[in-house]
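Residue numbers (this note's numbering), protein chains in the order written: chain V, 63 to 397; chain P, 63 to 397. Here the structure comes first, spelled out in structure tokens, and everything after it is commentary.
2 protein chains.
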Amino acid sequence: MAKIAGVSRAAVSVVLNGAKTNTRVSEQTKQRILAAAAELGYSPNPVAQSLRRRRSGTIAYVYRSLSDSLLERSVPYQLGRLIMSTAVGHGYQVIEVNSAEQTSTEDDETLRLLLSRRVNGVILGWPKTGLEVQRIVDQGIPVVQVMKPQPADGSSTITVDSSPGFKAAVDHLVSFGHERIAYLGNSDPHPVERARLRCFEEALATHGIRLRENLVKLGDVSLEESRQLTHDLLAASEPPSALIMVDSSVLGGLRALYDLRLHVPDDVAVISTDDLLASHLYPPLTSVVQPLEQVAERAVSLIGEREANSDGAESPSHIVFPTLMRTRSSVEKFS
Amino acid sequence: MAKIAGVSRAAVSVVLNGAKTNTRVSEQTKQRILAAAAELGYSPNPVAQSLRRRRSGTIAYVYRSLSDSLLERSVPYQLGRLIMSTAVGHGYQVIEVNSAEQTSTEDDETLRLLLSRRVNGVILGWPKTGLEVQRIVDQGIPVVQVMKPQPADGSSTITVDSSPGFKAAVDHLVSFGHERIAYLGNSDPHPVERARLRCFEEALATHGIRLRENLVKLGDVSLEESRQLTHDLLAASEPPSALIMVDSSVLGGLRALYDLRLHVPDDVAVISTDDLLASHLYPPLTSVVQPLEQVAERAVSLIGEREANSDGAESPSHIVFPTLMRTRSSVEKFS
DNA sequence: TTGTAAGCGTTATCAG
DNA sequence: CTGATAACGCTTACAA
Chain V
63 MAKIAGVSRA AVSVVLNGAK TNTRVSEQTK QRILAAAAEL GYSPNPVAQS
113 LRRRRSGTIA YVYRSLSDSL LERSVPYQLG RLIMSTAVGH GYQVIEVNSA
163 EQTSTEDDET LRLLLSRRVN GVILGWPKTG LEVQRIVDQG IPVVQVMKPQ
213 PADGSSTITV DSSPGFKAAV DHLVSFGHER IAYLGNSDPH PVERARLRCF
263 EEALATHGIR LRENLVKLGD VSLEESRQLT HDLLAASEPP SALIMVDSSV
313 LGGLRALYDL RLHVPDDVAV ISTDDLLASH LYPPLTSVVQ PLEQVAERAV
363 SLIGEREANS DGAESPSHIV FPTLMRTRSS VEKFS
Chain P
63 MAKIAGVSRA AVSVVLNGAK TNTRVSEQTK QRILAAAAEL GYSPNPVAQS
113 LRRRRSGTIA YVYRSLSDSL LERSVPYQLG RLIMSTAVGH GYQVIEVNSA
163 EQTSTEDDET LRLLLSRRVN GVILGWPKTG LEVQRIVDQG IPVVQVMKPQ
213 PADGSSTITV DSSPGFKAAV DHLVSFGHER IAYLGNSDPH PVERARLRCF
263 EEALATHGIR LRENLVKLGD VSLEESRQLT HDLLAASEPP SALIMVDSSV
313 LGGLRALYDL RLHVPDDVAV ISTDDLLASH LYPPLTSVVQ PLEQVAERAV
363 SLIGEREANS DGAESPSHIV FPTLMRTRSS VEKFS
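Below, the structure written as structure tokens:
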């Protein structure tokens, strides 16, 4: 304890963290304390601080991912990385928890563990049910749901509006003369997925194109199923000249094109959702980008704000970020 | 505190965690305690435990990655995921820290933070210097270096032996009639990278093939540079009929093939190192697999063991796992 | 303005 | 075999 090398220890505490106490220390002792701290290489023990403050400086990122593969579930994993790097800037540490394959008993266990670890907030991705979310909210912990929220009172949400991105994508395709545009999507009944399809439909309508039943396929987005569905799409009597493929269905979809020796974009144009894979593939895919950095940044800062004015029952925020299209080389001729 | 609802509180502690104290409790009180705990939903507060035990149940995974992209740096990120899931099984929590772009001052800061958080061990990937490692070892914390260790006394290491995988890869290529086999590797002067090249050379020698200067290119493994180097390789007077590409150079390499409209494996055979991307690409690449699961598993358990017999200056372990080849569709004709 | 003392929730030690 | 008691390292009213 630094107070051995100077004054007494309340002062140290006050000086080393801008405490909101009425205790004031004179400039002189303050300097003495700082000097001593520097010399001894002293810094407060976070564990003791947590115990006393009932606050750990930690937030949890809980997501549910059935696949361990970085490629198949790139969004939750990338989001995790972004949350981590944002969090350091806000003075938080992050605990990542994959809640997949947990029985509800284990879920309870996880929850209890988080609570007892005194997490200051929970960022929740892809939760299964609203109840699950509600249970955490009810503990009085700030909760932010990202990407695919479930209804729950008192939880903030951060989502993405597919509309501008899809609009731009369809405009882009149409401007290159495509009319038979197919959509390979996620069959998850979640509103966000349904909204994507609706955005697609509306974008088509803008150009007077009607959605054709046989140019829409929904499935889980596994490699194999996406591959099969893409085959199905291309086997239509009037096969599509362009494909819009959602998230992780891209890999399966491209494999189908490979099977058929179809070249992108010469034989078929492709636009994907989500930029993580897109920029690294061959050719780099034009894509509808979800602003994950912003989602991560905002999620962390929301928790910070929530903590700041924890007194009032702050009403939860519902934030929506727009998507946008990033043009690469999978629509117009790739040179 | 559960002791309010029963006996006195030392007993609770003894019952709820198999404490290594000489205190014994009677079966009767034990049951009473368990019952009370269950009823109150009581469980010990980990923060208080950490404070008292000077042990947090946490291990740190510190790696250095300059790129945020999951695809460009898949190994450290995948390793992180594997460490996390293994760690839960061992009762550990994981803090992931990317030490890239930190000045040495910030590094010190990070180190201090970890120490004061009372991490029980550090798994270190891709450290820059041995000194960096040594500083942590000297704190008396169990340190395990993985993949590309730096020399440091008292640190355990877990590495991978490229030899069997490369041997198998070259055998495989040769059995398909390839003789002009090129190698696209990492120019990092680290012994592990040099060993890879040597393994390649030795494998060639087995078949009486000499390593040709112009069929070996080393660079950073960035997308652009790998692409360029692959172009260079293919521009040779006698261009290679097969390519062995290391880790993340794969994406750049494939892009080059795409540029040239070369088809895998019809025009050129490809074998990659590392299975993460390989299995998802088009065509799926035959690859030299590094057993990351085992690395993660062993790293965590080493820390556990180290903690267990912390009394004696346990001599550090140096573990080497073999690589192996996994055949996919990038060498023989893809049907 | 400074110092004192009472916890935060456990666990280890040491007398009963 | 049991049950007080004293730390662990810090924060924060509150009294001096």
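Cβ atoms here follow ideal geometry from the backbone N, Cα and C, with glycine treated the same way.
Asked                                                                                                                            : Found
Simplified DSSP state of Glu-241 (chain V), which is helix, strand or coil                                                       : coil
Same chain, Cβ closer than 6 Å to Leu-313 (chain P), neighbours up to 5 away in sequence not counted                             : Leu-285
Residues, ordered as in the chain, of the segment 309-338 of chain P that lie near chain V by beta-carbon distance below 7 Å     : Leu-313, Leu-316, Arg-317, Tyr-320, Leu-338
Same chain only: Cβ atoms within 6 Å of Leu-280 (chain V), ignoring 5 sequence neighbours per side                               : Gly-247, Ser-249
Rounded C-alpha distance that separates Asp-88 (chain P) from Ser-105 (chain P)                                                  : Reading off the sequence shown, one finds Ser at residue 88 (chain P), where the question assumed Asp. Cα-Cα distance, rounded: 21 Å.
Contact residues within the segment 100-112 of chain P, judged by C-beta distance below 9 Å to chain V                           : Gly-103, Ser-105, Pro-106, Asn-107, Pro-108, Val-109, Ala-110, Ser-112
Where Ile-157 (chain V) meets chain P, residues with beta-carbon distance less than 7 Å                                          : Gln-155
CB contact below 8 Å: Gln-201 (chain V) versus chain P                                                                           : no
Residues bridged to Ser-349 (chain V) (per DSSP)                                                                                 : V:Ser-334, V:Arg-388
Buried/exposed call for Leu-343 (chain P), threshold 16 Cβ in 10 Å                                                               : buried
Under the three-state DSSP convention, the category Ser-397 (chain V) falls into                                                 : Here Ser-397 (chain V) scores only 46 on pLDDT, less than 50, and its place in the model should not be relied on; the value that follows carries that caveat. Ser-397 (chain V): coil per DSSP, three-state reduction.
CB contact check: Tyr-123 (chain P) to chain V, cutoff 8 Å                                                                       : no
CA nearest to the CA of Glu-241 (chain V), picked from V:Ala-361, V:Thr-148, V:Pro-301                                           : V:Pro-301
Chain-ordered chain V contacts of Pro-345 (chain P) [CB-CB under 7 Å]                                                            : Tyr-320
Any 3 or more C-beta pairs closer than 8 Å across the segment 321-341 of chain P and the segment 260-269 of chain P              : no
Alpha helix (DSSP H) segment containing Ser-112 (chain P), residue limits                                                        : 108-115
Straight-line Cα distance separating Thr-385 (chain P) from Val-222 (chain P)                                                    : 7 Å
Through-space distance from Thr-167 (chain V) to Ser-127 (chain V), alpha-carbon basis                                           : 18 Å
Beta-carbon gap between Pro-204 (chain V) and Gly-187 (chain V) smaller than 8 Å                                                 : no
Chain-ordered neighbours of Gln-140 (chain V) on chain P, where CB pairs are closer than 8 Å                                     : Leu-132
Of the residues V:Ser-70, V:Pro-345, V:Asp-309, V:Thr-292, the one placed nearest Arg-390 (chain V), counting alpha carbons only : V:Pro-345
Beta carbon proximity, Met-307 (chain P) to chain V, threshold 8 Å                                                               : no
As assigned by DSSP and simplified to three states, the class of Tyr-123 (chain V)                                               : strand
Check whether Arg-180 (chain P) and Ser-112 (chain P) have beta carbons under 8 Å apart                                          : yes
Near-chain P residues of the segment 173-198 of chain V - C-beta to any C-beta below 8 Å                                         : Arg-174, Leu-175, Ser-178, Arg-179, Arg-180
Neighbour list for Arg-272 (chain V) in chain P, Cβ cutoff strictly below 7 Å                                                    : The contacting residues do not exist; Arg-272 (chain V) stays about 32 Å from chain P at best.
Beta-carbon neighbours of Arg-143 (chain P), restricted to chain V and to distances below 8 Å                                    : Asp-130, Leu-132, Tyr-139
Proximity test, Cβ basis, 8 Å: Ser-136 (chain P) and chain V                                                                     : yes
Pairwise C-alpha distance: His-234 (chain V) and Gly-142 (chain V)                                                               : 31 Å
Rounded distance between the beta-carbons of Ile-185 (chain P) and Ile-145 (chain P), thought under 8 Å                          : 6 Å
Inter-residue Cα distance where the pair is Ala-331 (chain V) and Ala-122 (chain V)                                              : 40 Å
Beta carbon proximity, His-152 (chain V) to chain P, threshold 8 Å                                                               : no
Where the alpha helix (DSSP H) containing Ala-297 (chain P) begins and where it ends                                             : Neither: Ala-297 (chain P) is in no alpha helix (DSSP H) and is coded neither H nor E.
Uninterrupted beta strand (DSSP E) stretches inside the segment 133-190 of chain P (no shorter than 3 residues)                  : 155-160, 183-187
Tyr-320 (chain P) versus Val-393 (chain V): straight-line alpha-carbon distance, rounded                                         : 16 Å
Residue closest to Ala-149 (chain P), alpha-carbon to alpha-carbon, out of P:Val-382, P:Arg-388, P:Ser-377, P:Gly-366            : P:Gly-366
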